[in-house]
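Enquirer:
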Amino acid sequence: DWEPSYKPELQQWTLEQYATSDIIENNWMTRQLSNQLGGQLTEDNLKRAMEVVRTKFLVGLMSKIEPTMARVEKFFRMTYHVNPPNQEACRERIMSGGSNSN
597 DWEPSYKPEL QQWTLEQYAT SDIIENNWMT RQLSNQLGGQ LTEDNLKRAM EVVRTKFLVG
657 LMSKIEPTMA RVEKFFRMTY HVNPPNQEAC RERIMSGGSN SN
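For the sequence shown, counting from 1, position 51 maps to 647 in this note's numbering; every step adds exactly one.
#1: Going by C-alpha to C-alpha distance, which of Gly656, Asn622 and Ser692 sits closest to Gly635?
#2: Would you report the Cα separation of Gln613 and Pro663, rounded to the nearest angstrom?
#3: Alpha carbon to alpha carbon, what distance is there between Glu647 and Leu655?
#4: What is the C-beta distance between Asn641 and Thr626, in whole angstroms, given that I count them as a contact (C-beta under 8 angstroms)?
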């Protein structure tokens with residue numbers, strides 16, 4: 597099996613059928629981030645998950661790509677020392693058109 601949770605019978609289900617079934621995930625991300633995989637989630641679990649995101653993730657927005665990239669470059673102390681003009685031109689190409697614009 598390529599994916600242990602794959603169920604071919606679900607292929608014909610509507611989103612509503614899946615959402616009202618007993619196999620739907622229940623706040624998967626909150627559970628993962630707060631390490632509360634089963635049972636009821638509490639406000640404390642939400643606070644813990646939000647703290648993990650605040651302290652362990654670097655979040656950026658594509659709609660604000662310039663400030664996001666500045667933040668990433670500052671955080672990772674990215675500087676252009678090998679070939680600054682070429683590296684800046686590469687950055688500009690990525691910022692204006694992306695590297696994977698399918």
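Where a beta carbon is used, it is the ideal one built from N, C-alpha and C, also for glycine. Every value quoted in this text rests on a predicted model; they were computed, and no experiment measured them.
Expert: Let me lay it out:
#1: Asn622
#2: 41 angstroms
#3: With the sequence shown as reference, residue 655 is identified as Val, and Leu is not the correct amino acid for it. The straight-line gap from Cα to Cα measures roughly 13 angstroms.
#4: 6 angstroms
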